[in-house]
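Down below is the structure, laid out as structure tokens.
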DNA sequence: TATCCACAGGAAATCAGGGTGT
DNA sequence: ACACCCTGATTTCCTGTGGATA
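Numbering (my numbering), first residue to last: 1370 to 1808.
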């Protein structure tokens, strides 16, 4: 039995923590400068892109309609930041009727209906269109009326971020077609679509009716930053974010170098620097040191995994649990998609009210887990024994157990200690021996 | 060399759950 | 109450396939 005294010995003293925190050295001056949403006064190494986009959009200053255009580039190459930066600049130079800017992240606002609703609600400034229920054409009609009524003779830029995600979905081309041709049905207001894409081959997926209107201008291509360029960006932000002398020599170069290795992602570099600062703060250090960066890097990786697993639907979590159990009970196991399907069904049947899934669905989940880097899945032909995927857990077993054990339904049914029926007989061992020879 | 396994993965259909206006 | 809408998850149906084996 746990006594009060025991309890006190192990409990975290929050009062002491806060006192120490306030007494401890101050690392950040303005943490916000390292956030992805922060728009700095200058954008290093993006002069070419800024010049091109400024050229295309300048006519909005006179109330003329700028053409639609696309921006390409990998994540963290400054596409969104550049557009936001320019929108501010245009507003500064506009005396009357500044243009409207409506940002839509197609990864979050992910369906045609919601895009229309989002645009409408943004202009009105409140939730006028419900999240579902109305026919799309009705909203489109309402929207057209709203443009002429509210925005009147100004220009409205519709910025579609991560447009590639929208295009791959059904109905994506249709909504783009509608958005790029809004002007044909407007009397006063004029709209212009700016598409931001992570994928260079976006055009392949676009309908010819849409390409013709998005093709009016050369697309703007954002190249990844190299380590030196990233360092420049970091210096600039660090000057705003940190107090003077807080950053140890070499920390910024290290952050830049690590991020450059991952296709020059500025967002990653900034995140790394911020996390390193937070690590230093927690350790009551007066300075951000290189060791804090390394620690931060590890934490980011781990956070990413944990967050991703928690955000998955239960069925996907069970699929992952199946991989975990197959690994746990037979370390040198050869795991195939068929095994995962069987174990998943076994697990699902142990949770009341949960449906078992089909092969097809499990196959998709396996692909998703592989894409997220949680497992390794390679398609392999075993000749007479068919074609399948050979799957391996790509995350530390212990970490996986810790994360999975925090999922309520997995915990309450004690699934992590359950030995699946498939593993109770000889079937898997026999198959394993055959497969091992073939691999 | 034809066969055949155990799936892979695309396309379309279906279902449940959120909503609408009349 | 009713017909209808939108979405996301899943099922159904389907064709394709690499290579050991008979």
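Quick reminder that beta carbons are idealized off the backbone N, C-alpha and C, glycines included.
Being a predicted model, the structure only gives us computed values, none of them experimental.
Query	Result
Burial state of residue 1493 (16 or more Cβ within 10 Å)	exposed
Spatially closest choice to residue 1712 from 1790, 1786, 1700, 1390, by CA coordinates	1790
Coil, strand or helix - residue 1712 by DSSP	helix
Residue 1703 versus 1747, 1720, 1743, residue with shortest Cα-Cα distance	1747
Residue 1758 and residue 1706 closer than 8 Å at C-beta	yes
Span of the alpha helix (DSSP H) around residue 1672	1659-1680
Bridge partners - residue 1442, DSSP secondary structure assignment	1591
Reference residue 1597, options 1796, 1694, 1389, 1414, closest by Cα	1414
Runs of beta strand (DSSP E) lying entirely within the segment 1734-1758, each at least 3 residues, in chain order	1744-1750
Alpha helix (DSSP H) segments (min. 4 residues) lying fully within the segment 1376-1443	1383-1392, 1416-1426
Continuous alpha helix (DSSP H) assignments of at least 4 residues falling wholly in the segment 1554-1611	1571-1574, 1577-1583, 1596-1610
Under the three-state DSSP convention, the category residue 1764 falls into	coil
Cα-Cα separation, residue 1591 to residue 1441	6 Å
First and last residue of the uninterrupted alpha helix (DSSP H) at residue 1454	1448-1462
C-beta contact flag for residue 1599 and residue 1638 at 8 Å	yes
contact_flag[the segment 1563-1580, the segment 1518-1536] where n(CB pairs < 8 Å) is 3 or more	yes
8 Å CB neighbourhood of residue 1653 in its chain, flanking five on each side removed	1389, 1393, 1394
Proximity of residue 1485 and residue 1509 at Cβ, strictly below 8 Å	yes
Residue 1595 versus residue 1602: straight-line alpha-carbon distance, rounded	11 Å
Under the three-state DSSP convention, the category residue 1808 falls into	coil
Three-way DSSP call (helix, strand, coil) for residue 1478 in this model	coil
Secondary structure of residue 1506, DSSP reduced to three states	helix
Closest by C-alpha distance to residue 1403, when choosing among 1579, 1607, 1728, 1542	1607
Which listed residue (1451, 1397, 1469, 1399) has its alpha carbon closest to that of residue 1429	1469
Alpha-carbon spacing of residue 1735 relative to residue 1754, whole angstroms	20 Å
Buried versus exposed call for residue 1454 [16 or more other C-beta atoms within 10 Å across all chains shown]	buried
Among 1383, 1518, 1617, 1410, nearest to residue 1655 - alpha-carbon criterion	1617
Among 1739, 1683, 1436, nearest to residue 1809 - alpha-carbon criterion	Residue 1809 lies beyond the stretch modelled for the chain, which goes from 1370 to 1808, so this question has no answer here.
Where residue 1527 falls: helix, strand or coil (DSSP)	strand
Straight-line Cα distance separating residue 1730 from residue 1805	27 Å
Exposure of residue 1802, with buried meaning 16 or more beta-carbon neighbours within 10 Å	exposed
Neighbourhood of residue 1512 by C-beta, 7 Å cutoff - its chain only, sequence neighbours within 5 removed	1485, 1488, 1489
Bridge partners - residue 1471, DSSP secondary structure assignment	1527
Any 3 or more C-beta pairs closer than 8 Å across the segment 1655-1666 and the segment 1676-1692	no
Neighbourhood of residue 1476 by C-beta distance below 8 Å, restricted to the same chain and skipping five residues each side	1530, 1531, 1534
Under 8 Å between C-beta atoms of residue 1517 and residue 1576	no
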